[in-house]
Amino acid sequence: MKNVCLAGEPNKKERDEVTKIMEVNKADNYIILFKGITGRHDFKALYTYDNATGEVKKVYAKSSSPQYLDPGMIENFYRYDSGAKEFKKINGNKSFSLAIDAVALNP
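Under our numbering, the first residue of the sequence shown is numbered -4, with each subsequent residue one higher.
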């Protein structure tokens, strides 16, 4: 998050808040909700993913976003490429898994 969707000094306060939430909530995986499906990958909310139940539940958001996510609500799924330091769209994916790092909602 610090390299892409909450990068830079203007996002420091929110980045620190999200980091604290992640330290408290020990989850199987975290999923970032992006604000839109095109252009920049701006942070909107943070969700936890429970691999055992498949539940995707909101743990942090500064603006309105769904409390829970289900695959039918998602337009794009993304995986973070640490080498390129960017989120890459996973074509053809239709469900949540430990491989998903971010999503964008249907418009």
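Beta carbons: idealized from backbone N, C-alpha and C, even for Gly. Remember, it's a predicted structure, so these values are computed and weren't measured experimentally.
Does residue i pass the burial test, meaning 16 or more other C-beta atoms within 10 Å, or should it be called exposed?
{"i": "Val19", "result": "exposed"}
{"i": "Tyr25", "result": "buried"}
{"i": "Ala79", "result": "exposed"}
{"i": "Asp96", "result": "buried"}
{"i": "Lys39", "result": "buried"}
Going by the CB atoms, is the gap between residue j and residue i shorter than 8 angstroms?
{"i": "Thr43", "j": "Ala22", "result": "yes"}
{"i": "Leu41", "j": "Ile69", "result": "no"}
{"i": "Ser60", "j": "Lys53", "result": "yes"}
{"i": "Ile32", "j": "Asn6", "result": "no"}
{"i": "Asp76", "j": "Lys84", "result": "no"}
For my contact list, residue i and residue j are in at a C-beta cut-off of 8 angstroms; report their separation, rounded to the angstrom.
{"i": "Arg109", "j": "Ala94", "result": "Outside the displayed range of the chain (-4 to 102) lies residue 109, so it cannot be described from this structure."}
{"i": "Leu1", "j": "Val98", "result": "Not a contact, Cβ separation roughly 16 angstroms."}
{"i": "Ser90", "j": "Pro66", "result": "5 angstroms"}
{"i": "Glu81", "j": "Val(-1)", "result": "6 angstroms"}
Would you identify the three-state DSSP class for residue i, choosing helix, strand or coil?
{"i": "Lys84", "result": "strand"}
{"i": "Asn6", "result": "helix"}
{"i": "Glu12", "result": "helix"}
{"i": "Val(-1)", "result": "coil"}
{"i": "Glu18", "result": "helix"}
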